[in-house]
Amino acid sequence: MAIPPITGMLRKRFILDLSVSLGLGIAAANAFWYGIHLPKVRLREAFYLKLEQERAAQAAAEAT
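Quick note: the sequence shown uses the numbering used here, first residue 800, plus one each step.
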């Protein structure tokens, strides 16, 4: 009884592992970017926009 060759199994497993890890990594990166990062950036930008508008209104009120 001969043992079957295992030559292509390692390459197939490596390609599968690489594909799964890249897919999961990209999915996790998108979840972080669109679920955590961008909402925080929008909140920060809204805060500074409101602050700048208040300062501009105050400066306009002082100028008149």
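Cβ atoms here follow ideal geometry from the backbone N, Cα and C, with glycine treated the same way.
Taking only the alpha-carbon atoms, compute the straight-line gap between residue i and residue j and give it to the nearest angstrom.
{"i": "VAL819", "j": "ARG854", "result": "51 Å"}
{"i": "ALA858", "j": "LYS849", "result": "14 Å"}
{"i": "VAL841", "j": "PHE813", "result": "It is worth fixing the name first, because residue 841 is Arg in this sequence and not Val. Their backbone Cα atoms lie some 40 Å apart in a straight line."}
{"i": "ALA801", "j": "GLY822", "result": "38 Å"}
{"i": "ARG843", "j": "GLY807", "result": "52 Å"}
Span of the alpha helix (DSSP H) holding residue i?
{"i": "TYR833", "result": "Neither: TYR833 is in no alpha helix (DSSP H) and is coded neither H nor E."}
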